[in-house]
Amino acid sequence: MNNALSFSLPEDLLCVNPAADAGIPIDAITCALDRASSVLLLLEDQFENDGPSLANHVIAAALWDVRGTL
18 MNNALSFSLP
28 EDLLCVNPAA
38 DAGIPIDAIT
48 CALDRASSVL
58 LLLEDQFEND
68 GPSLANHVIA
78 AALWDVRGTL
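So the number in our numbering is just where the residue sits in the sequence shown, counting from 1, plus 17.
Below, the structure written as structure tokens:
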């Protein structure tokens with residue numbers, strides 16, 4: 018297969034790299050859920066912290082990111 022086309026199929030993108038260590042869960046769904054969870058935890062801290070508030074456009078961007086990720 019041509020190197021330029023080696024990642025052209027969903028099966029190529031969603032498979033675990035054979036060189037990855039055993040026991041590490043690597044797939045697109047796990048990565049997306051972990052990213053969304055991380056962004057939501059950062060956003061959650063905004064409302065549980067007595068520090069300065071984030072601008073509305075920053076909060077909206079975080080929510081947009083989670084929506085796009087999921």
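Idealized CB from N, CA, C, for every residue including glycine.
Exercise. First and last residue of the alpha helix (DSSP H) that includes A72?
Worked result: Position 55 of the sequence shown, counted from the start, is the residue given in the question as residue 72. Segment: none, A72 is in no alpha helix (DSSP H) and carries neither H nor E.
For this session: Inspect the beta-carbon positions of L11 and Q63 and report whether they are closer than 8 Å.
Result: The first residue shown for the chain is 18 and the last is 87, placing residue 11 beyond what the model contains.
Exercise. So, I46 versus L60, is the Cβ gap smaller than 8 Å?
Worked result: The residue you call residue 46 lines up with position 29 of the sequence shown. The residue you call residue 60 lines up with position 43 of the sequence shown. Contact flag unset, no.
Exercise. What did DSSP end up calling G85 once you bin it into helix, strand or coil?
Worked result: Stepping through the sequence shown from its first residue, residue 85 is reached at position 68. In this structure, G85 counts as helix in the three-state DSSP scheme.
For this session: Answer yes or no: do V83 and A36 have a C-beta to C-beta separation smaller than 8 Å?
Result: The residue you call residue 83 lines up with position 66 of the sequence shown. The residue you call residue 36 lines up with position 19 of the sequence shown. Cβ atoms of V83 and A36: not closer than 8 Å.
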